[in-house]
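Engineer: Taken in sequence, the protein lines are chains A and B.
Each residue of the first sequence is one higher than the one before, starting from 1 at the first, in my numbering.
Each residue of the second sequence is one higher than the one before, starting from 1001 at the first, in my numbering.
Note that beta-carbon positions come from the ideal geometry of N, C-alpha and C, so glycine has one too.
These numbers were taken from a predicted model, which means no experiment stands behind them.
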Amino acid sequence: MTLLKHRPSFKLWVGVLAIGVVIGIAGALNVLLNGHSAVYNVTREIPWGILIATYVFLVVSSTGLCLVSSLGHVFGIEKFDFIGKRAIILAILTLLCGFGAIGMELTHPIRMGLYTILSPNFSSPIWWMGTLYGLYLVLLCAELFFLMKGMHKGAFAMGMIGFIAAITAHSNLGAVFGLLEARPYWHGSFLPIYFIVSALVSGGAIVSMIVYFNHKTTGEPMPQKYEDFMGTLGKLQALFLLILVFFVVWKIIPGLYGHPPEKYEATVAVLSGPLAFNFWFFEVMLGLAIPVILLLNKKTRTPYGVMMAGLSSTVGIFFMRYDLVIAGQLVSMREGTADLVGGLLQYSPSVTEIAIVIGAISTCLLLYTIAERLLPLESDH
Amino acid sequence: MKNKRFAMVLDTRRCIDCKACTVACKAENDVPLGPENYRNWVGEEKLRGKYPNLGQSNTPCQCQHCGNPPCAHVCPTKATEVNSDGIVHVVADKCIGCKYCMTACPYNARYYNEETEAVDKCTFCTQRIYAGRLPACVETCPTKVRVFGDLNDPNSEVSKLLTKYPSRVLKESQGTKPYLIYII
Ligand code: SF4
Ligand code: SF4
Ligand code: SF4
């Protein structure tokens, strides 16, 4: 297996990302010209689609990067120190692109800026979401500033507050779903906790890719320091993944046991209904099984193996977000709804929605690539 | 003057599924065309019995004007408000289109109105009732399924109906305290 053994050539990489950005812009223009309802597949009954899922995916990645990087400059695990700047830059970019994705789903992002301040509703988890992620963004920027200036005390302080903000904002994101009593598949305290755990997995996975590709530029061998780091990260990542498996299993069992109304139908939709392929192939196989096997086996826990595990789980995690957002809405809220298939509502993303997703992710990666070129990101410890 | 507590009492036995209420509501409230755009609907319940002994009921429905409205709790900008007479409504200018209220409402009473660029739902026809008229769906219903009035007034028709007959609300276990009340 030599797939992606080396970093793709810079021109090819930037070219592919630029195409992705153009696709995204085309999608966004299509929305602006034709209106949401003409080009999106979200409905009255399934109002949140793949853009919300992408938003969740991107901000989970951001939180994860912040948490994993704080292992170094907040919790003092020295091995993790050198990823700080890169992780924080990417945390900022994933967060911004996540805002971009949800901005395309909202119909009035500008009103949002105005009325969240003029007419705040403190009982709304989305109000808190905007406020806390806004605060988190400011803290990340401050942390990056101190890191770039080499001001370690400032970076430590910002890292510490940033860590708390990340946990607060992110568990609140779980609450955006978890506080909806109308949606039994989401309702409860499970999601806020689960989001934190899955952020750790996301963060670890992305860090493994950053470190690997950064040091495979010209095909020269990886410095010992980075090899060691990848080994440690691999073990840690295996632990995170196994904890996540535990969460996945305990999400399913209460959904099936005793057929709790609405929760049961949604759980079955994931296990053997319209989301089953996503679940078994992407979530279970790519997201969990393959990475766990790669990481627990000493022979495959090489830098390359750890990176591959990271890539695989990142793809899987995207589908975890998608399935979570959609499954919660598949059960109709009322009797006698027409157009049910197998007792469930239907949603599949439109071409425009997919284009915007591609655009958001490509923009994020392209900006990161540029940042890496322009900024001095090597650590000076 | 004492506040009102507006409510609607419905007798589903009389409903003949003619959908005049939906048409009247769309016309009265400028609801845009399109299959997803409506403030009220007639739910068709499951068939009962075996051929040739069959039965079926219809449940006309709309926003429940909940006493404990999850849509208002979750709205980040307070675009969804409850007025002093218990009417839950959306201030279009404040709505950011996050659709959180649509995921929070257990009755699917809301839709996104592309023309007002805001989420829209039944308002109990405020423009009519404060002018002393009945809501459009109530006025049009040929079999008088729907009765509208003030529950704070013990002599109103709705209060009397609820004294006379046992009643139910939809999805009571959600704790939303609906004010669309069915006497059968
Ligand atoms: S029925 Fe739905 S829209 Fe109406 S008040 Fe209750 S929760 Fe809100
Ligand atoms: S869509 Fe509008 S009314 Fe509904 S929660 Fe969002 S801002 Fe409030
Ligand atoms: S009360 Fe008015 S707005 Fe509400 S369903 Fe009836 S006609 Fe429509």
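Skipping 5 residues on each side, what residues in its chain have a beta carbon closer than 8 Å to that of residue 1182 (chain B)?
Structural biologist: Only 1009, 1010, 1011, 1012, 1059, 1167, 1168, 1169 and 1170 meet the Cβ criterion.
Engineer: Judging by CA-CA distance, which residue of A:289, A:61 and A:143 is the nearest neighbour of residue 154 (chain A)?
Structural biologist: The option with the nearest alpha carbon to residue 154 (chain A) is A:143.
Engineer: For residue 120 (chain A), does the three-state DSSP call read helix, strand or coil?
Structural biologist: In the structure shown, residue 120 (chain A) sits in coil (DSSP, three-state: anything other than H, G, I, E or B).
Engineer: Beta-carbon within less than 6 Å of residue 329 (chain A)'s beta-carbon, same chain only, minus the 5 sequence neighbours each way: which residues are those?
Structural biologist: For residue 329 (chain A), where only same-chain residues beyond five positions count, the Cβ hits under 6 Å are 46.
Engineer: So who's on the other strand from residue 1006 (chain B), going by DSSP bridges?
Structural biologist: Residue 1006 (chain B) is bridged to B:1150.
Engineer: Which residue comes first and which comes last in the alpha helix (DSSP H) that contains residue 373 (chain A)?
Structural biologist: Per DSSP, residue 373 (chain A) belongs to the alpha helix (DSSP H) from 351-374.
Engineer: What are the partner residues of residue 986 (chain B), as DSSP defines its beta bridges?
Structural biologist: Limits of chain B in this structure are 1001 at one end and 1184 at the other, which puts residue 986 (chain B) out of reach.
Engineer: How is residue 54 (chain A) classed by DSSP in three states: helix, strand or coil?
Structural biologist: Helix.
Engineer: Can residue 201 (chain A) be considered in contact with ligand 2, in the sense that its beta carbon sits closer than 6 Å to one or more heavy atoms?
Structural biologist: Flag unset: Cβ of residue 201 (chain A) not near ligand 2.
Engineer: Restricting to runs no shorter than 4 residues, where is the alpha helix (DSSP H) found entirely within the segment 33-78 of chain A?
Structural biologist: Counting only runs of 4 or more, we get 36-39 and 50-73.
Engineer: Does ligand 1 have a heavy atom nearer than 6 Å to the CB of residue 1091 (chain B)?
Structural biologist: Not under cutoff, so the answer is no.
Engineer: Taking the alpha carbon of residue 1095 (chain B) as the reference point, which residue from B:1015, B:1129, B:1105 and B:1077 has its own alpha carbon closest?
Structural biologist: For the residues B:1015, B:1129, B:1105 and B:1077, the minimum Cα distance to residue 1095 (chain B) belongs to B:1077.
Engineer: Secondary structure at residue 298 (chain A), three-state DSSP: helix, strand or coil?
Structural biologist: If DSSP states are grouped into helix, strand and coil, residue 298 (chain A) belongs with coil.
Engineer: Alpha carbon to alpha carbon, what distance is there between residue 171 (chain A) and residue 195 (chain A)?
Structural biologist: Cα to Cα, residue 195 (chain A) sits roughly 6 Å from residue 171 (chain A).
Engineer: Evaluate residue 1110 (chain B) with the Cβ neighbour count: other Cβ atoms within 10 Å of its Cβ, from every protein chain shown; 16 or more gives buried, anything less gives exposed.
Structural biologist: Burial call: buried.
Engineer: Does the separation of the CB atoms of residue 39 (chain A) and residue 352 (chain A) fall below 7 Å?
Structural biologist: Their beta carbons are under 7 Å apart, which means residue 39 (chain A) touches residue 352 (chain A) by this criterion.
Engineer: Enumerate, from N- to C-terminal direction, the unbroken alpha helix (DSSP H) stretches of 4 or more residues contained entirely within the segment 133-199 of chain A.
Structural biologist: Counting whole runs of 4 or more residues, the segment 133-199 of chain A contains the alpha helix (DSSP H) stretches 152-178.
Engineer: What number of angstroms, rounded off, separates the C-alpha of residue 1156 (chain B) from the C-alpha of residue 1149 (chain B)?
Structural biologist: One C-alpha to the other measures close to 6 Å.
Engineer: Can the beta-carbon of residue 356 (chain A) be found closer than 7 Å to that of residue 112 (chain A)?
Structural biologist: Not closer than 7 Å, so no.
Engineer: Name the chain A residues that come within less than 9 Å of residue 1073 (chain B), Cβ to Cβ?
Structural biologist: The contacting residues are 121, 123, 124 and 179.
Engineer: Output yes or no for whether 7 Å exceeds the beta carbon distance between residue 1079 (chain B) and residue 1091 (chain B).
Structural biologist: Taking 7 Å as the Cβ cut-off, residue 1079 (chain B) and residue 1091 (chain B) qualify as a contacting pair.
Engineer: Is residue 160 (chain A) near residue 74 (chain A), with beta carbons less than 7 Å apart?
Structural biologist: In contact: residue 160 (chain A) and residue 74 (chain A) (Cβ atoms closer than 7 Å).
Engineer: Contact between the segment 278-296 of chain A and the segment 310-330 of chain A: three or more CB pairs below 8 Å?
Structural biologist: At 8 Å Cβ cutoff, the stretches touch.
Engineer: Relative to the alpha-carbon of residue 230 (chain A), which residue among A:156, A:88, A:373 and A:303 has its alpha-carbon at the smallest distance?
Structural biologist: For residue 230 (chain A), the nearest C-alpha among the options comes from A:303.
Engineer: Specify, as a first and last residue, the run of the beta strand (DSSP E) that residue 339 (chain A) falls within.
Structural biologist: Here residue 339 (chain A) belongs to no beta strand (DSSP E), and DSSP marks it neither H nor E.
Engineer: So that I know if they touch, is there some Cβ in chain A lying closer than 7 Å to that of residue 1056 (chain B)?
Structural biologist: Chain A, which has no Cβ nearer than 7 Å to the Cβ of residue 1056 (chain B), makes this no.
Engineer: Does the beta-carbon of residue 1105 (chain B), which I'm using as the reference point, lie nearer than 6 Å to any heavy atom of ligand 3?
Structural biologist: For ligand 3, not one heavy atom lies less than 6 Å from the Cβ of residue 1105 (chain B).
Engineer: CB of residue 254 (chain A) to nearest heavy atom of ligand 3: below 6 Å?
Structural biologist: No; taking the cut-off as 6 Å, the Cβ of residue 254 (chain A) has no heavy atom of ligand 3 nearer than that.
Engineer: In the DSSP output, what is residue 1048 (chain B) paired with across the bridge?
Structural biologist: Residue 1048 (chain B) pairs with B:1055.
Engineer: For residue 1168 (chain B), which beta-bridge partners are listed by DSSP?
Structural biologist: Beta-bridge pairing links residue 1168 (chain B) to B:1182.
Engineer: Going straight from the alpha carbon of residue 255 (chain A) to that of residue 128 (chain A), what length do you get?
Structural biologist: Spanning the two alpha carbons is a distance of roughly 28 Å.
Engineer: Would you tell me roughly how many angstroms separate the C-alpha atoms of residue 252 (chain A) and residue 200 (chain A), rounded to the nearest one?
Structural biologist: Going from the Cα of residue 252 (chain A) to the Cα of residue 200 (chain A) covers about 21 Å.
Engineer: Taking any Cβ of chain B, which residues in the segment 37-69 of chain A have a Cβ under 7 Å from it, in chain order?
Structural biologist: Residues passing the 7 Å Cβ filter: 37, 43, 44, 45, 47 and 48.
Engineer: Quick one: what does DSSP say residue 323 (chain A) is sitting in, helix, strand or coil?
Structural biologist: Three-state result, residue 323 (chain A): helix.
Engineer: Can you list, in chain order, the residues of its chain with a C-beta nearer than 8 Å to that of residue 176 (chain A)? Leave out the 5 residues immediately preceding and following it.
Structural biologist: Around residue 176 (chain A): 125, 126 and 129.
Engineer: In this structure, does DSSP put residue 304 (chain A) in helix, strand or coil?
Structural biologist: Reduced to three states, the DSSP call for residue 304 (chain A) is helix.
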